[in-house]
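Worksheet for the structure shown next.
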Amino acid sequence: MIGNDVNVGVLGEYRYGAAKGYHNVVGFFVGTGMGGGLILNGSLFTGTGFKAAEYGHMILDPEGPLCGCGQRGCLEAFSSKQGISSYIRQQVSRGRESMMAEQVQNGVFRSKYLKKALVNHDKVTEEAVDRACHYLAVATGNMINTISPDVVVYGGGVIEAVGDIFLEKILK
Numbered sequence: 000m001i002g003n004d005v006n007v008g009v010l011g012e013y014r015y016g017a018a019k020g021y022h023n024v025v026g027f028f029v030g031t032g033m034g035g036g037l038i039l040n041g042s043l044f045t046g047t048g049f050k051a052a053e054y055g056h057m058i059l060d061p062e063g064p065l066c067g068c069g070q071r072g073c074l075e076a077f078s079s080k081q082g083i084s085s086y087i088r089q090q091v092s093r094g095r096e097s098m099m100a101e102q103v104q105n106g107v108f109r110s111k112y113l114k115k116a117l118v119n120h121d122k123v124t125e126e127a128v129d130r131a132c133h134y135l136a137v138a139t140g141n142m143i144n145t146i147s148p149d150v151v152v153y154g155g156g157v158i159e160a161v162g163d164i165f166l167e168k169i170l171k
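The structure is reproduced here in structure tokens:
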């Protein structure tokens with residue numbers, strides 16, 4: 000096994016990208032799910048059974064939304080495409096209108112639609128993204144306080160599509 004996509008992605012950032020030259024790196028990859036990767040003292044850390052850095056299943060609110068892993072309040076349930084889609088579906092089911100209603104009807108949206116909804120100031124989508132970024136910022140702070148990395152990198156389809164919006168909100 001070469002490794003999971005996020006571990007390999009963070010390793011790539013460490014060797015050739017945004018984390019080049021740093022020795023301790025925390026990586027969050029926001030996509031359909033929420034992946035994580037960790038470089039400690041210049042080496043990819045995968046832990047026992049290659050299960051380290053599963054930040055998506057860091058519980059941020061034990062009474063929060065149900066995650067696909069069966070727990071409640073995981074970062075993934077708030078900040079991934081699954082979490083954002085679930086929030087939008089919930090709001091639409093309450094009678095609110097959203098440009099994303101059709102996009103999330105049977106699953107998760109494609110990132111280009113998220114960008115379009117944000118550019119058009121779709122209120123439900125903006126709320127979903129604010130919520131996602133809030134919890135991603137909390138998780139990032141937890142990792143900074145736990146690992147004390149040199150740098151934190153973000154990647155994944157959502158970040159590729161709307162990373163400028165996400166990063167601005169996370170930094171606030």
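Going by numbering that gives the first Met the number 0, the letters in the sequence shown line up with residues 0 to 171, in that order. Even for Gly, the Cβ is constructed at its ideal location relative to N, Cα and C.
Check your understanding: Nearest to VAL150 by CA position, among ARG71, ALA131, GLY41, is which residue?
Key -> GLY41
Check your understanding: Can you list the beta strand (DSSP E) stretches of 3 or more residues lying completely in the segment 17-46, in chain order?
Key -> 24-29, 33-39
Review point. Between GLY155 and VAL5, is the Cβ-Cβ spacing less than 9 Å?
Key: yes
Review point. Which one of GLY162, GLY48, LYS115, ILE87 has the shortest CA to CA distance from ASN105?
Key: ILE87
Review point. Quick one, which of GLY67, GLY26, GLY69 has its alpha-carbon nearest ALA51's?
Key: GLY26
Review point. Going by the beta-carbon positions, is the gap between VAL152 and LYS114 smaller than 9 Å?
Key: no
Practice item. Check whether the segment 118-126 touches the segment 68-76, counting contact only when three or more Cβ pairs, one atom from each stretch, lie closer than 8 Å. Key: no
Exercise for review: Let me know the secondary structure DSSP gives VAL107 once reduced to three states.
Suggested key: coil
Check your understanding: What number of angstroms, rounded off, separates the C-alpha of ALA100 from the C-alpha of LEU65?
Key -> 20 Å
**Study point:** Cα-Cα separation between VAL107 and LEU10, rounded to whole angstroms
**Key:** 27 Å
Review point. Using DSSP with H/G/I as helix, E/B as strand and the rest coil, what is GLY63?
Key: coil
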